[in-house]
Each structure stands twice: as structure tokens, then as C-alpha cells.
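The structure appears right after this line, and notes come after that.
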Amino acid sequence: MDAGTDTSPPRIDRSLLGGLPPTLEWCGGTDGVLRLLDQTRLPLSVEMLDCATVEQVWEAIRTLRVRGAPAIGVAAAYGLYLGVRPFRDFRAEDFLAKVRQVAAYLTACRPTAVNLAWAVQRCVSVAEQSVGREAPAPCEAILAEAHVMAAEDAESCLKIGQAGADLIPEGAGVLTHCNAGALATVGCGTALSLLYVAKQRGRRFRVFVDETRPLLQGARLTAFELNAAGIDVTLLCDGAAASLMASGMVQVVVVGADRIAANGDVANKVGTYGLAMAAKRHGVPFYVAAPLSTFDRSLAGGREIPIEQRPEDEVRAVCGQPIAPPGTPCYNPAFDVTPADLITGIVTERGIAQPVTKDQIDKFFPPTG
298 MDAGTDTSPP RIDRSLLGGL PPTLEWCGGT DGVLRLLDQT RLPLSVEMLD
348 CATVEQVWEA IRTLRVRGAP AIGVAAAYGL YLGVRPFRDF RAEDFLAKVR
398 QVAAYLTACR PTAVNLAWAV QRCVSVAEQS VGREAPAPCE AILAEAHVMA
448 AEDAESCLKI GQAGADLIPE GAGVLTHCNA GALATVGCGT ALSLLYVAKQ
498 RGRRFRVFVD ETRPLLQGAR LTAFELNAAG IDVTLLCDGA AASLMASGMV
548 QVVVVGADRI AANGDVANKV GTYGLAMAAK RHGVPFYVAA PLSTFDRSLA
598 GGREIPIEQR PEDEVRAVCG QPIAPPGTPC YNPAFDVTPA DLITGIVTER
648 GIAQPVTKDQ IDKFFPPTG
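Taking the working numbering, the leading residue of the sequence shown gets 298, the next gets one more, and so forth.
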């Protein structure tokens, strides 16, 4: 998309989200800052963090101050601009060298979420294409493109919700894992957008949220977010999810995704695979909701998705308090891969891929060449 010369930040409609503050927003003009909601402080404290350098954005992404595939993609796009802004007056060739250097730095921050690399590369391409044009200058083109991506993410979130809201039956119990809501995006979320739109349409339902060890994104973030929106929410330990499904209290499972392979295998927060197996055993529909930017069709299947390994101390402690003997070895993958044959459908901004097959997924992508 042509970013044009408009470097003013987009206006994001947050009317579905109650009083929830923005996950991220650009404040100011070309000399502005990226303002993030520091999610490591939730739910006990609502604090905003202003990032004026790429190093601050990198640290915020790595430490999960901002998290969720769509959100870190947009944050990284703004981070790229912050990283090259000091070099805006360089010769074009030298400036583009800096762009590629900063892009590589950001892309290495978190390897599993494909949106990060996708967003950064999109901004690199825009900078390259703007060289030699009268306007915009390559640096301003990056900022303008980041604004475009923020607006696109908000729009795709709403479309995902509209496409999948009817999957939430009246009076249903809905189970979700981690946080795939507004806190993971610029807009109203991916998996949780189905709930926001269903609520807007007058549907009544109850949401069950896994706490999501080791960093408790379900407890700290999803419960916080849904409470702010006035949605009925019940928190449970991760290990209780299968028995909850066996009890008949869950009619549908909806989760997000960090990367989706060409065949429909899905990488999402660790624990998703186990939920999918339990849902299959108990006949509960299992849906994934994600924008098309989360698909990585260069990977044939889930075995090719790189899985980020997080620090062992995240398992040995809860909210900074040790819970295991010091030095106990820990296994801490951030994500697992759910095979496509366990997934009922994937909800996107262009509709639902159901059954989940490569052919169904390919229909959402226009042919190239």
C-alpha cells in the first residue's frame, strides 16, 4: 500500500473495549515517541511506557511489555523508524544500509511470531521504493507505513470478529488460552474479537480463561481485559481445562496464533496443543483466529516453525517469587504447534478456512506472478 506523505497517527475505534487503554499508539509527529501499555505491570498497575529509541522497543518486545503477534509487528515497524530517525539526513545508500541493519536487529528479537519480521520487511521495502522520489523521504515513508499497518490491524481485528461472531452460540461456555485480545493487537483482538462482536450483537455467553503459565497472560491480561469490557469471565488453572470440557460446560474453544504454516499447522502459546487434543476428545469445536499476516506460507508445515525458548527463571518463579529449588533445570518453550487436523477452522479477516487445509487457506491469498 502506498503510505503517501501522511505521518499523522491513525484514529482507532475502541468503542467495543470499555475503558481499556490503548495497547500501543504513536504520540506526536516525526519527532514523536511510541507509547506502550506496559503489560508486565498488569493487572495491579496501569502504566504507559514511552519509547524514543529502537533499543527501548527491542527491550519492550523481548520482555513482553508489548506482546501478541499483531501488536509486536506494529511496534517493530515503529521501532524501525525510531532506529533510523537519527540518520534521516544520510545519503540514500547509507541510509538504506542503516535501515537493513536496524531491521535485522529487530527481527532477531523474537523468532516465532511471523508478524514481526513481516512488518519490518514491509517497512524496509517501502523505504527502498521511496528512494529517488520527490516525496515522501525514505525515513518519513517508514513512519507513514507504520501508521498504515496500525490502521490495517485495527480493521482486520474487527473483520475477524464479524466473520467469527456467529461461532459463539447463545448461552455458550467459551474457553480461551493466553491473551489474543485487544492487548495483543492495535484493535479489538483476534480470538477475543469474536466475543466483542458477539456481545455487541446481544449474545450472552460465559468465558473460561486458562491462567496460562508460566507468565500468566490469561490471568493477568485476558481476565483484566474482559472484565474491563463487561464480559462474564471465569479463571481456571491450565490443568483444569480438560476436565472442564469433559463436564460439558464448554461449547467452543477460541485461541489466537503466532505463526500459521501453509498447511494450517498453528504455533501459539504453549499449552494450545494440549487444549486442542482435549477438545477433539470431547467433541468441542476448536477455532483459531488470526489475520492473514500471521500466515507463513513459505513453511510447508508446523515442524518448520522456529520455537522460541524463554529463560528458565520464568518457570522457577511466579511474578518474581521463587517457587522451585534454585538452579532446577526447566523446559520453557514459549509456543507449541497444533496440527491442522485438530483445528475446526481458522477465522481470518477474509472469512473462515474450514476444513483447515492448504487448499482452503490458499483461497484467501490472491495468486502472484
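Quick reminder that beta carbons are idealized off the backbone N, C-alpha and C, glycines included.
Do the CB positions of residue i and residue j come within less than 8 Å of each other?
| i | j | result |
| --- | --- | --- |
| T569 | H474 | yes |
| I457 | L377 | no |
| P307 | A448 | yes |
| A587 | G561 | no |
| T487 | V506 | no |
| A481 | G365 | yes |
| A243 | M446 | Because the chain spans 298 through 666 in this model, residue 243 falls outside it and cannot be assessed. |
| V396 | V381 | yes |
| V550 | L533 | no |
| A389 | V343 | no |
| T690 | E437 | For residue 690 there is no data in the structure shown, the boundaries of the chain being 298 and 666. |
| A357 | L339 | no |
| D638 | T591 | no |
| P623 | V483 | no |
| P466 | Q398 | no |
| Q336 | V371 | no |
| A636 | Q606 | Going by the sequence as given, residue 636 is Pro instead of Ala. It is not a contact, given that the beta carbons lie outside the stated cut-off. |
| I369 | L413 | yes |
| C627 | E601 | no |
| L489 | E522 | yes |
| A538 | L491 | no |
| R647 | L589 | yes |
| I640 | V585 | yes |
Tell me whether residue i is buried or exposed, calling it buried when 16 or more other Cβ atoms sit within 10 Å of its Cβ.
| i | result |
| --- | --- |
| D310 | exposed |
| P433 | buried |
| L317 | buried |
| P453 | For the record, residue 453 in the displayed sequence is Ser; it is not Pro. So S453 ends up on the buried side. |
| F583 | buried |
| L341 | exposed |
| Y493 | buried |
| P664 | exposed |
| E352 | exposed |
| I620 | exposed |
| D450 | buried |
| K496 | buried |
| P652 | exposed |
| A300 | Confidence at A300 is low in this model, with a pLDDT of 42, below 50, so its placement is unreliable and the value that follows should be read with caution. Under this definition A300 is a buried residue. |
| M298 | Bear in mind that a pLDDT of 42 at M298, under 50, signals an unreliable position, so the number given afterwards is only what the model happens to contain. The residue is exposed, with fewer than 16 neighbouring Cβ atoms inside 10 Å. |
| T360 | exposed |
| F662 | exposed |
| A441 | buried |
| P435 | buried |
| T645 | buried |
| C348 | buried |
| A400 | buried |
| G470 | buried |
| T625 | exposed |
| G545 | exposed |
| R578 | exposed |
| G642 | buried |
| G511 | Residue identity differs from the one stated: residue 511 is Pro in this sequence, not Gly. By the neighbour-count rule (16 or more Cβ atoms within 10 Å), P511 is buried. |
| R613 | buried |
Counting along the chain, where does the beta strand (DSSP E) carrying residue i start and finish?
| i | result |
| --- | --- |
| V644 | G642 to T645 |
| E425 | No beta strand (DSSP E) holds E425; the alpha helix (DSSP H) holding it covers V411 to S427. |
| V547 | Unbroken run through V547: none, as it is neither H nor E. |
| L533 | V530 to L533 |
Just to check my reading of the structure: residue i and residue j have Cβ atoms closer than 8 Å, yes? What is that Cβ distance to the nearest angstrom?
| i | j | result |
| --- | --- | --- |
| R501 | G468 | 6 Å |
| L321 | C485 | Going by Cβ atoms, the distance from L321 to C485 rounds to 14 Å, so no, they are not a contact pair. |
| A443 | C420 | 7 Å |
| A516 | M542 | So it is not a contact: roughly 19 Å between Cβ atoms. |
| N565 | Q514 | In fact, because the Cβ distance is near 11 Å, the residues do not count as touching under 8 Å. |
| I649 | A460 | 6 Å |
| G379 | V354 | Reading off the sequence, residue 379 comes out as Leu, not Gly. Correct: roughly 6 Å between the Cβ atoms. |
| V563 | V634 | 7 Å |
| V750 | D529 | There is no way to answer for residue 750, as the model of the chain reaches only from 298 to 666. |
Taking the alpha helix (DSSP H) that residue i belongs to, which residues open and close that run?
| i | result |
| --- | --- |
| V399 | A389 to T404 |
| A525 | A520 to A525 |
| E611 | D610 to R613 |
Should residue i be flagged as near chain B, meaning a C-beta pair shorter than 8 Å?
| i | result |
| --- | --- |
| C534 | Chain labels in this structure do not include chain B; a single protein chain is all it has. |
Only counting runs of 4 or more residues, tell me where the alpha helix (DSSP H) segments fall wholly within the segment 556-598, in order along the chain. 569-579
What alpha helix (DSSP H) runs, 4 residues minimum, are completely inside the segment 313-373? Within the segment 313-373, the complete alpha helix (DSSP H) runs of at least 4 residues are 351-359.
Mind pulling the alpha helix (DSSP H) runs of 4 or more residues that sit fully within the segment 622-664? 655-659
Jot down the residue ranges of each uninterrupted beta strand (DSSP E) in the segment 441-517, minimum 3 residues, whole runs only, in chain order. 469-473 and 502-507
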